[in-house]
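Okay, structure first, notes after.
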Amino acid sequence: MDKILIATKNAGKAREFARLFAPKQIEVMTLLDLEDVPPIEENGQTFTENALIKAQTISNYLHIPVLADDSGLVVDALDGEPGIYSARYAGDHDDAANNRKLLNKLADVAPADRTAHFHCSIVVVQEGKEPLIATGDAYGQILTAPRGKDGFGYDPLFYYPAKDKTFAEMTASEKNMVSHRGLALQKLLQDFDQWWQ
Ligand SMILES: O=c1[nH]c(=O)c2ncn([C@@H]3O[C@H](COP(=O)(O)OP(=O)(O)OP(=O)(O)O)[C@@H](O)[C@H]3O)c2[nH]1
Ligand SMILES: [Mg+2]
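Be aware that the sequence shown starts at 2, since it is given in our numbering, and climbs by one per residue.
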């Protein structure tokens, strides 16, 4: 079975990618499976720049093909915050604190103005090849209180009208069908087989 290394330390992303790659008979490994990982500085100005930084840092170190995802929540009433800072909005990878900060910032914003989208940029890099890049977006709105227990990050606050559920109320497969990450990966996979050869 082929394996792909995903340059992420996020267990929520790792679970979603494992499920997304399963039909292709590709096993997913992540930085959570490795012992010594060089530090990755996510100092890009865009999601795609950050995804390239993650993938290239690890590919330069291990000399194997690497996929990376940079993603986040873009809230219209907050001029696009938290955006590329989604993981470190209030506390570094503290989902509860990040969600509290988001709710506080939106306290005076009416339901109709609480529109937002999740964005995901996925890249795959391999030495000597042009990177393969795909993006996906999922549109919804931010609730005033969390709903649901599944998923990760801001999922309990992100309401997806077409399914009348938050991302945290969806099963993993339901979320993958409509999520920013699922959509970006579907696009990436259209070109992946040819790129992978
Ligand atoms: O509710 C959510 N459902 C999602 O589907 C989702 N996708 C991204 N996010 C948020 O955006 C940050 C990514 O930041 P990010 O791309 O730098 O990833 P990360 O730092 O968590 O892991 P790594 O891949 O960098 O190691 C994450 O931490 C989350 O806060 C999500 N929240
Ligand atoms: Mg990160």
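Even glycine gets a Cβ: it sits at the ideal position worked out from N, Cα and C.
Exercise for the section: List in chain order the residues whose CB is within less than 5 Å of at least one heavy atom of ligand 1. Expected result: Thr9, Lys10, Asn11, Asp71, Ser72, Gly73, Ser87, Ala88, Gly154, Tyr155, Asp156
Exercise for the section: Could you tell me if the beta carbon of Glu43 falls within a distance shorter than 6 Å of some heavy atom in ligand 2? Expected result: The sequence position of residue 43 within the sequence shown is 42, counting from 1. Under cutoff, so the answer is yes.
Practice task
Use the C-beta contact count for Gly92: other C-beta atoms within 10 angstroms, 16 or more gives buried, fewer gives exposed.
Solution key: For this step, residue 92 is matched to residue 91 along the sequence shown. With fewer than 16 other Cβ atoms within 10 Å, it is exposed.
Exercise for the section: Determine the DSSP secondary structure at Gly13, reduced to helix, strand or coil. Expected result: Within the sequence shown, the letter at position 12 stands for residue 13. Gly13: helix per DSSP, three-state reduction.
Practice task
Could you work out which residue in Met30, Glu128, Asp96, Glu82 is closest to Thr116 when comparing CA atoms only?
Solution key: As a first step, residue 116 must be located in the sequence shown, where it is residue number 115. Answer by Cα proximity: Glu82.
Handout entry: Unbroken alpha helix (DSSP H) run spanning Thr58, endpoints
Key = Stepping through the sequence shown from its first residue, residue 58 is reached at position 57. It spans 48-63 - the alpha helix (DSSP H) in which Thr58 sits, taken as one unbroken run.
Problem - Assigned exposure category for Asn100 - 16 Cβ within 10 Å defines buried - result: Residue 100 sits at position 99 when you count from the first residue of the sequence shown. Its Cβ being crowded by 16 or more others within 10 Å, Asn100 is buried.
Problem - Identity of the residue in Ala78, Ala88, Gly149, Ala69 nearest Thr172 by Cα - result: The residue labelled residue 172 in the question sits at position 171 within the sequence shown. The shortest C-alpha separation from Thr172 is found at Gly149.
Exercise for the section: Flag this pair as yes or no: are the beta carbons of Lys55 and Ala78 separated by less than 7 Å? Expected result: Position 54 of the sequence shown, counting from 1, holds the residue named residue 55. Position 77 of the sequence shown, counting from 1, holds the residue named residue 78. Not a contact, by the Cβ cut-off of 7 Å.
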